[in-house]
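In this note's numbering, the protein residues as written are 1427 to 1728.
Ideal placement from N, C-alpha and C gives every residue a C-beta, glycine not left out.
Written below as structure tokens is the structure these notes are about.
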Amino acid sequence: MSAINLVSILFFKYNLENQITKETKLYLEVYKYNPGLRLPEHIKVFDKFPNPDKYEFIGIANGKYVTYERKYKEKKLKDFASTLLLWEGILIVSLMFLMYFTIIKYIKKEEYIRQYLEILLLTITHKLGNFLSIQRLNIDLIKSKCRIKAVNRLENAYSLIEKDFKFTIKTLKNLGNTEKNITTVNIKDMIEDILHHFIENLRDKKVRLRLKNVYIKADPNDLENILFSLLENAIKFSDKKIYIKMCINNRNIYIFIKNDVGIVDRGAGVGLQIAEFLLSQYGGEVQTHIGRDFLTVIKIPF
1427 MSAINLVSIL FFKYNLENQI TKETKLYLEV YKYNPGLRLP EHIKVFDKFP
1477 NPDKYEFIGI ANGKYVTYER KYKEKKLKDF ASTLLLWEGI LIVSLMFLMY
1527 FTIIKYIKKE EYIRQYLEIL LLTITHKLGN FLSIQRLNID LIKSKCRIKA
1577 VNRLENAYSL IEKDFKFTIK TLKNLGNTEK NITTVNIKDM IEDILHHFIE
1627 NLRDKKVRLR LKNVYIKADP NDLENILFSL LENAIKFSDK KIYIKMCINN
1677 RNIYIFIKND VGIVDRGAGV GLQIAEFLLS QYGGEVQTHI GRDFLTVIKI
1727 PF
């Protein structure tokens, strides 16, 4: 850019000098025949030869010396250089911002893909681990007491893993696509649909629902994965009761999932991690509180 500036300024200076010389000589010829002509401010007429440091001599007309001010040329050159540098600075700053935001966007996309891959792997291992655990319990039950209940449990486990597999396929299809398929979703309907998949698991449990029709704009796959992961944890670790409540406050939707805790092995927390990652894409969050019961609070802006 400096080399381009130097060439541009030298080229402008050369053209400027030629232009001023031609202009001044033209005024000189006119002045010879019209001494009363009003000359431009930068063209001066002297009775004596002027200071060569301040004025450039052009010629003699009517016994007087016709010159032009050197400052005029310097001012024109300075104005051109200032304008050139100003616009060049604006261009460079604009390009820097454009490159900055492009790089930041690229970095964020790469980070998003990396996190998405990590969550995808966690999802697969989480779902397969749950499936294998359920099958182990069923095998033990079949071995100890060959009753039809074991067959029902196997069928229910198969239905759940089938649902999990569909979620995984959806996740794979959306991998790397930062543009979400945003549509209007009724959270109440989605919670009820998810609970329907766990109907066998909930048969011996008391379920209380306080839901309302709340519509938000989100990717249905993301929202379903969030709710499925958290509801699955509540159902899996509950003993006798589950309580789900929804409320709205300050442009946020809060979903409270409370369940008592049965005697089960502690999970790896992968379901919660999946929900936290997906919710972070919408500015939401998940909080958990452990007391007599286990409480999960989901916050979703809308």
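DSSP-derived helix/strand/coil call for residue i
i	result
glutamine 1707	coil
lysine 1725	strand
aspartate 1505	helix
asparagine 1685	strand
glutamate 1626	coil
lysine 1632	strand
phenylalanine 1475	coil
Endpoints, alpha helix (DSSP H) assigned at residue i
i	result
proline 1646	1646–1663
phenylalanine 1472	Element bounds for phenylalanine 1472: not the alpha helix (DSSP H) but the beta strand (DSSP E), 1469–1472.
valine 1640	Neither: valine 1640 is in no alpha helix (DSSP H) and is coded neither H nor E.
asparagine 1431	1428–1459
Unbroken beta strand (DSSP E) run spanning residue i, endpoints
i	result
asparagine 1612	1609–1612
glutamate 1482	1481–1487
lysine 1667	1667–1675
lysine 1490	1490–1495
Residue i and residue j closer than 8 angstroms at C-beta
i	j	result
lysine 1631	threonine 1610	no
lysine 1499	leucine 1432	no
isoleucine 1661	asparagine 1627	yes
valine 1492	isoleucine 1484	yes
tyrosine 1457	alanine 1487	yes
isoleucine 1620	leucine 1649	no
isoleucine 1617	leucine 1637	yes
isoleucine 1613	valine 1640	yes
phenylalanine 1720	glycine 1688	no
lysine 1490	aspartate 1473	yes
isoleucine 1635	isoleucine 1674	In the sequence as presented, isoleucine is not what sits at residue 1635; that position holds leucine. Taking 8 angstroms as the Cβ cut-off, leucine 1635 and isoleucine 1674 do not qualify as a contacting pair.
tyrosine 1453	leucine 1465	yes
phenylalanine 1624	arginine 1677	no
isoleucine 1435	alanine 1507	yes
Alpha carbon of residue i to alpha carbon of residue j, nearest angstrom
i	j	result
leucine 1656	valine 1723	10 angstroms
serine 1706	glutamate 1658	20 angstroms
leucine 1548	glutamate 1702	13 angstroms
isoleucine 1550	valine 1633	28 angstroms
asparagine 1607	glycine 1515	40 angstroms
aspartate 1645	isoleucine 1726	13 angstroms
glutamate 1536	phenylalanine 1523	20 angstroms
lysine 1531	arginine 1540	14 angstroms
tyrosine 1542	glutamine 1561	28 angstroms
tyrosine 1459	tyrosine 1494	19 angstroms
leucine 1704	leucine 1517	39 angstroms
threonine 1528	threonine 1509	28 angstroms
arginine 1718	isoleucine 1679	25 angstroms
leucine 1511	phenylalanine 1438	14 angstroms
lysine 1534	histidine 1715	32 angstroms
methionine 1427	valine 1712	52 angstroms
arginine 1629	isoleucine 1700	27 angstroms
lysine 1502	isoleucine 1446	11 angstroms
proline 1476	lysine 1497	14 angstroms
tyrosine 1526	asparagine 1647	32 angstroms
leucine 1563	aspartate 1615	32 angstroms
isoleucine 1469	leucine 1521	43 angstroms
aspartate 1686	histidine 1622	20 angstroms
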